[in-house]
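Step one of this worksheet: look at the structure below.
There are 4 protein chains.
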Amino acid sequence: MVTHMGLVGLGKMGNNMRERLRRGGIEVTGYDPRPEVSDVATLADLVAALPGPRRVVWVMVPAGEPTRSVVQELGTLLGEGDVVVEGGNSHYPEDQARAAELGAHGVGYVDVGVSGGVWGLENGYGLMCGGEPADVELLMPVFDALRPEGPREEGFVHAGGVGAGHFAKMVHNGIEYGLMQAYAEGYELLAAKDGLVTDVHGTMKAWMRGTVVRSWLLDLMVLALEQDPSLAAIDDWVDDSGEGRWTVDEAIDNAVPLPVISAALFARFSSRQTESPAMKAVAALRQQFGGHAVKPAS
Amino acid sequence: MVTHMGLVGLGKMGNNMRERLRRGGIEVTGYDPRPEVSDVATLADLVAALPGPRRVVWVMVPAGEPTRSVVQELGTLLGEGDVVVEGGNSHYPEDQARAAELGAHGVGYVDVGVSGGVWGLENGYGLMCGGEPADVELLMPVFDALRPEGPREEGFVHAGGVGAGHFAKMVHNGIEYGLMQAYAEGYELLAAKDGLVTDVHGTMKAWMRGTVVRSWLLDLMVLALEQDPSLAAIDDWVDDSGEGRWTVDEAIDNAVPLPVISAALFARFSSRQTESPAMKAVAALRQQFGGHAVKPAS
Amino acid sequence: MVTHMGLVGLGKMGNNMRERLRRGGIEVTGYDPRPEVSDVATLADLVAALPGPRRVVWVMVPAGEPTRSVVQELGTLLGEGDVVVEGGNSHYPEDQARAAELGAHGVGYVDVGVSGGVWGLENGYGLMCGGEPADVELLMPVFDALRPEGPREEGFVHAGGVGAGHFAKMVHNGIEYGLMQAYAEGYELLAAKDGLVTDVHGTMKAWMRGTVVRSWLLDLMVLALEQDPSLAAIDDWVDDSGEGRWTVDEAIDNAVPLPVISAALFARFSSRQTESPAMKAVAALRQQFGGHAVKPAS
Amino acid sequence: MVTHMGLVGLGKMGNNMRERLRRGGIEVTGYDPRPEVSDVATLADLVAALPGPRRVVWVMVPAGEPTRSVVQELGTLLGEGDVVVEGGNSHYPEDQARAAELGAHGVGYVDVGVSGGVWGLENGYGLMCGGEPADVELLMPVFDALRPEGPREEGFVHAGGVGAGHFAKMVHNGIEYGLMQAYAEGYELLAAKDGLVTDVHGTMKAWMRGTVVRSWLLDLMVLALEQDPSLAAIDDWVDDSGEGRWTVDEAIDNAVPLPVISAALFARFSSRQTESPAMKAVAALRQQFGGHAVKPAS
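Here's what the structure looks like:
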């Protein structure tokens, strides 16, 4: 059972996690390329600082190339019985490829989906992991330090083999897209009827207790409206982090209908367009057949 | 069988129809509030100019209040055996209400959905009508003059009782929304891949013959791209005329799933928003839980 | 301020509410057409049992005709200063029409959206009301007895004038459709990947704390899976109670795009079809153009 | 310019194309593993039968493994200046990979999207191709024989480099999904209102001329209804061939919103489910919170 672990990546998320781990009694040696926040000078120093056997290094760096290169380097520094934990947002097939590579050198690999954002330091993080039972067992003190108070199974799951953690987190995020869009559509409809509903913020606040739609996202919506009742200071431009796209791709591969989650994803794409080529085409068609007025491009 | 009819409303559409009717051998007395285009001074003069029995007045004025008031006035001017034809875009329950009112005075009512836009003068108009068989029978020479060349049943239908014509036209327009959006989405995807597909206009033009997607709307799309290959001069703002809304309302009343037509309708609503309150809400939520960057409203 | 009120309708919902009101110190005289559950024999007896001035009768009967007739009868039994509370799921324009009628006799009308279902007796009910400030003020002890523990404004809102309560509840239910469908789609995708995610119930349970998607509906989803891990005993047939339809109708009237909530509504319509005429049409089209195999109707 | 070419794959599609090519004056040597339809015994014999320089072999076999292995074998049989034409439904990145492999041996590669189905023999095929200009030039007599009568550019396009032909065909098919679903939704709504619209087949037939929605797919819809007015003999189960999936995947990669085409794709997925796990989940949720009746699974 792990009592001292390595953590690579001390950005906002990694830094908060280190803090929560330490509060939970886990010794953490952190590495980050920025010397001013790092506990050691190099990744090799990090590995050297950890007690064996079964050293554990948790990787918490941006998905894609950064994660890939850290994991690869760790593969050369770690050995038989050690375990790499990928806590970022990797796409699950990448987990499976990396696990195979590391496994060839006897290094274990556990993928963990981590939910909770900036609130995780205080509330704890929801954790979904995938990997070999023995590796997950080794990590349990770490998971227990990170997860929220309460029954373990309400904030942690060993969802399946390698990849299952990130698959579960991907679906979690897909659902999140749908939930957010549902609240947002309701908000817009309430706000559109401002001659009747004179207190939109108060209405959504009244949903916080007792109603069917109460949730943490609703609480956040109320917070946002408390700070800015008409959201005047916020642009309607919404990014997407990739996991919503993977969710829809995955649904298509498995012939699973996903009308709501896909609609939420497409709404984000639309939100970022300064103009919609498709709607220009519809306007052009209407002009062609009906002589309908079109607005000249401004 | 009618050989001389009245026509109320000589706008772009009414004027073209009068022309096509005359070419087809129907005598038309037209009335419009604008004296410079009208054949008679008042609606009463129009009615007086028509030969009986079974006078026919076709109403071709904007939906809603204008149509309502013309039909009401005709109810006072016409009598037993005469027929009012509503050729605009009335909502079918209005047809049924008006038919009941006129029927109390022995005046017949036929609703006609007219498709074809500015091309109708040359190509003929697609016609869907609803009403009593005897009234429809009376109007056949008019319908034959207006409809396209070719077999009658490929450009005309007596779809059912009063309201069926406008119901059919409403569904026709709902389908039209879906078709246009489908082409538009395809156009956007082709245009997004301009490093690969170097000739978007040419690609859509090549679909005009032999392919599964060939249609009149595709021909118009090609025309539009011929005039403006990147639709640079056209704004992405798209109006909706009401029939798409009725189509979705009607589907909801009848528990008919309408994912495609409703998506096309909502895309038009979105196209007209300068900012989306819903997407502001999603952006606000993301900022709350994740500290995700938002764009300040510009 | 009310200490003794009338309650019409003692079904599952009304009965629970009477119990919670009594626990909260409100005297309740209940009327129901079923003598075995009713406190009085007739609606007139109910009204006679209430102390004046400003008698209060809460109506909790099925929407539509039942509510209409009870409210109408109350209009003849009550008088100046009395208040009818409509706690069912009326469509908000009906509230406005009834309030006008009752108002002509000096009787006030407050519409209240009540959320919480069978859990409300213990947890309290989320309440959204619309009406005149003086009428709402009168009812505050009743609202305080019904609403959940905690700050009043997290379980109660005076959302606006007459109709605003049911409008808010309608939007609440529309959002609810979207939320449920989002979880349901995620569940289906997890279940489809059962070779990877070996514990679907455990995965959703692990979302209960710390994650972004935690909510009361998620808790219920976990409960449902605890009782029946593959939902084997439940049919995929989903009713809709009308408020989702009104939400989409309202959005269309106000040109508000509602892709997610409408998709959730249409999914329910589809769930109830034994066969889909639309998909028969698509199959027929594919057969026509491509000689694609179709399945003969079984 | 080619006058004698090879054709691999003599199924329904390949056989019709050989016939149309021969009618167009192109000599065709066909190969198929079924000796009874093949002109030669082996692929090597086919290549040997073709005159050089710049031999042309058109591949018309099922997408995926069959196409892959034929193209690979042709790579070993053909040489400098020869051209392989992939006329099936390959995914465009595969085209690009194969072109690179063949190109290493001096063999050219042209990908062609072919539309028209069983009607192509008589009507001609819509053709979209991608490849090097010199290779496309070489093939023009072949394309001219296959494409419909009329201006070349209304039935043929050189859309761009290798892959552009199948990309264009993929988008064509995505649009096709949307168009079909739009007509199908309209059909269902007309049929749902059979008390008003008494002639659904006649109504859609009346759209064939003059209307905005006229198209070849509409003609086919009318044909289908002529044969079976209520589509009673056709099951509502609809397959998808892969190109709709690729279209949505591609849109997601390019952040292009595709609400209509994706909805059409998901409707097909749903049509093939004997029960919907998602809707079971929604039913389970409703039962949990409201005690709503559910149907036990049958």
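Chains as they are written, first to last, in UniProt numbering: chain A, 1 to 298; chain B, 1 to 298; chain C, 1 to 298; chain D, 1 to 298. Backbone N, C-alpha and C fix where the C-beta goes; we use that ideal spot for every residue, glycine too.
* Asked: Would you call M1 of chain B buried or exposed, if buried means 16 or more other Cβ atoms sit within 10 Å of its Cβ?
  -> exposed
* Mind checking whether E185 of chain B and D236 of chain A have CB atoms under 7 Å apart? -> no
* Asked: Does D249 of chain A come within less than 7 Å of chain D when only Cβ atoms are used?
  -> yes
* From D:P148, D:F156, D:G116, D:V248, pick the residue whose C-alpha is nearest to that of G130 of chain D; which is it? -> Considering only alpha carbons, the answer is D:F156.
* To do: Mark H4 of chain B as exposed unless 16 or more other C-beta atoms lie within 10 angstroms of its C-beta, in which case mark it buried.
  => exposed
* Per DSSP, which one or two residues make a beta bridge with D111 of chain C? -> C:E86, C:G130
* Would you say the stretch 141 to 148 of chain D touches the stretch 162 to 180 of chain B, given that touching needs at least three Cβ pairs under 8 Å? -> no
* To do: Kindly provide the ranges of any alpha helix (DSSP H) runs that are 4 or more residues long and lie completely inside the stretch 206 to 258 of chain C, ordered along the chain.
  => 216 to 227, 243 to 253
* Asked: Going by beta carbon distance, what residues of the same chain come within less than 6 Å of E250 of chain D, once the five residues before and after it are set aside?
  -> none
* Could you give the uninterrupted runs of the beta strand (DSSP E) lying entirely in the stretch 132 to 218 of chain D, keeping only those of 3 residues or more? -> 156 to 160
* Nearest neighbour of G88 of chain A, chosen from A:G64, A:L217, A:V37 [CA to CA] -> A:G64
* Asked: Quick one: what's got a C-beta closer than 7 Å to W207 of chain B's C-beta in the same chain, skipping five residues either side?
  -> V213, R214, L218
* **Three-pair Cβ contact test at 8 Å for the stretch 278 to 285 of chain D versus the stretch 233 to 247 of chain C** => The stretch 278 to 285 of chain D and the stretch 233 to 247 of chain C touch, with no fewer than 3 CB-CB distances between them shorter than 8 Å.
* Which class does L7 of chain B belong to by DSSP, given the choice of helix, strand or coil? -> strand
* With a 10 Å radius around its C-beta and 16 neighbouring C-beta atoms as the bar for buried, classify Q288 of chain C as buried or exposed. => buried
* To do: For my contact list, G163 of chain B and Q273 of chain B are in at a C-beta cut-off of 8 Å; report their separation, rounded to the angstrom.
  => Not a contact, Cβ separation roughly 33 Å.
* **K24 of chain B to L121 of chain B span [Cα, whole Å]** => As written in the sequence, residue 24 of chain B is Gly, which differs from the Lys given in the question. Near 11 Å, if we compare the C-alpha coordinates of L121 of chain B and G24 of chain B.
* Kindly indicate which residue of A:R22, A:V57, A:P51 has the alpha-carbon position closest to the one of Y31 of chain A. => A:V57
* Asked: For a contact meaning CB atoms closer than 8 Å, what does I234 of chain D contact in chain A?
  -> For I234 of chain D, none of the residues of chain A pass the 8 Å Cβ criterion, the least Cβ distance being about 21 Å.
* Consider the Cβ of W207 of chain C: report whether some Cβ of chain D lies at a distance smaller than 7 Å. => no
* Compare the C-alpha of L43 of chain B against each of B:T203, B:Q72, B:K205 and name the closest. => B:Q72
* Going by CA-CA distance only, name the one from C:N254, C:D82, C:G244, C:A192 that's closest to V240 of chain B. => Reading the sequence as shown, one finds Asp at residue 240 of chain B and not Val. When each option's Cα is compared against that of D240 of chain B, the closest is C:N254.
* Cutoff 7 Å: S270 of chain D Cβ touching any chain B Cβ -> no
* Asked: Using a Cβ cut-off of 7 Å, which residues of the stretch 250 to 268 of chain B contact any Cβ in chain D, in chain order?
  -> E250, A251, N254, V256, L258, P259, V260, I261, A263, A264, A267
* Could one say the Cβ of R245 of chain B lies closer than 7 Å to chain C's Cβ atoms, at least one of them? -> yes
* Say whether chain D places a C-beta atom closer than 7 Å to the C-beta of V84 of chain A. => no
* To do: Out of C:M17, C:T198, C:L74, C:F167, point me to the one whose CA is closest to V200 of chain A's CA.
  => C:F167
* Answer with buried or exposed for G52 of chain D, where buried requires no fewer than 16 other C-beta atoms within 10 angstroms of its C-beta. => Under this definition G52 of chain D is an exposed residue.
* Asked: Within this structure, are the beta carbons of E19 of chain B and R209 of chain D separated by less than 7 Å?
  -> no
* Give the interface partners of V212 of chain C over in chain B, defined as CB-CB distance under 7 Å, in chain order. => For V212 of chain C, the residues of chain B that pass the 7 Å Cβ criterion are F289, in the order they occur in the chain.
* **G161 of chain D to V107 of chain D span [Cα, whole Å]** => 15 Å
* **Paired residues, beta bridge with W119 of chain C - DSSP** => W119 of chain C is not bridged to any residue.
* Asked: Of all Cβ atoms in chain C, is any one closer than 7 Å to the Cβ of Y183 of chain A?
  -> Flagged as an interface residue toward chain C: Y183 of chain A, by a C-beta distance shorter than 7 Å.
* Closer than 9 Å, Cβ to any Cβ of chain B: which residues of the stretch 9 to 39 of chain A, in chain order? -> For chain B, the residues of the stretch 9 to 39 of chain A that bring a beta carbon within less than 9 Å of one of its beta carbons are K12, in chain order.
* Can you list, in chain order, the residues of its chain whose CB lies under 6 Å from that of S262 of chain A, leaving out five sequence neighbours each side? -> V248
* Residues of the stretch 185 to 199 of chain B with Cβ closer than 7 Å to any Cβ of chain D, in chain order -> E185, G186, E188, L189, L190, A192, K193, L196, V197, T198, D199
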